[in-house]
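Engineer: Here it is: the structure, laid out below.
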Amino acid sequence: EDYVGHGIGKKMHEAPYVFNHRTGDPGRAVQPGLCVCIEPIVHATRDTSATVDDDGWTVRNARGADTCQWEHAVAVHSGGIWVLTALDGGTEELAPFGVVPVPIPTP
146 EDYVGHGIGK KMHEAPYVFN HRTGDPGRAV QPGLCVCIEP IVHATRDTSA
196 TVDDDGWTVR NARGADTCQW EHAVAVHSGG IWVLTALDGG TEELAPFGVV
246 PVPIPTP
C-alpha cells in the first residue's frame, strides 16, 4: 500500500496520487488536462509484505513470491484518453474493456 501511481507534469512525481488499493477517498475528478502514471503491482500471493534491497530501490516480496510492477502514463484530453507509453495509445490492451483511446489532437 506504500506504492502508488502519480500525476506527472512539470515534475516527475506530483499529485494526484493513484492508489493500487481501495481507499475511502474518491480522489480527483478525471478531466481534460489530467496526466497520470498508473503503476499496478501484481503479487502471486495474497501476502503483499515487502523488503527493500540494500540499493534502496529494488523491492521484493518478503516471502519470495513472484511480484511485478509496471507503469503507463495516461493523458486525458478533450476527445478522450491516450496511453502515452503504448505505441498504439493503449488500443489493443483496452479493447476488451470497451475503452477506445483517442489520439491527442495536434494544434
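For the sequence shown, the working numbering begins at 146 and goes up steadily by one.
All residues carry an ideal CB built from backbone N, CA and C; glycine is no exception.
Here the structure is a predicted model, which means the values were calculated and not measured.
#1: Have a look at VAL187 and THR251 and give me their C-alpha separation to the nearest angstrom.
#2: Tell me the rounded alpha-carbon separation between GLN176 and TYR148.
#3: Can you check DSSP and say which residues form a bridge with ILE226?
#4: How far does the alpha helix (DSSP H) with GLU238 in it extend, from its first residue to its last?
#5: Are ILE249 and HIS217 touching if we call contact CB-CB under 7 Å?
#6: Cα-Cα, which of ILE183, GLY172, PRO171 and LEU239 is closest to HIS151?
#7: If you draw a straight line from the C-alpha of GLY169 to the C-alpha of GLY209, how long is it?
#8: Nearest by alpha-carbon distance to SER194: which of GLY201, ASP211 and GLY178 is it?
#9: For the beta strand (DSSP E) that GLU216 lies in, which residues bound it at each end?
#10: Candidates CYS213, THR190 and LEU229: which alpha carbon is nearest VAL219's?
Structural biologist: To lay it out plainly:
#1: The alpha-carbon atoms of VAL187 and THR251 are separated by roughly 35 Å.
#2: 24 Å
#3: VAL221
#4: GLU238: member of the alpha helix (DSSP H) spanning 236-239, first to last residue.
#5: no
#6: If we check each option's Cα against that of HIS151, ILE183 comes out closest.
#7: 30 Å
#8: ASP211
#9: GLU216 -> no beta strand (DSSP E), and no H or E assigned at all.
#10: Each of CYS213, THR190 and LEU229 was checked against the Cα of VAL219, and the nearest Cα belongs to LEU229.
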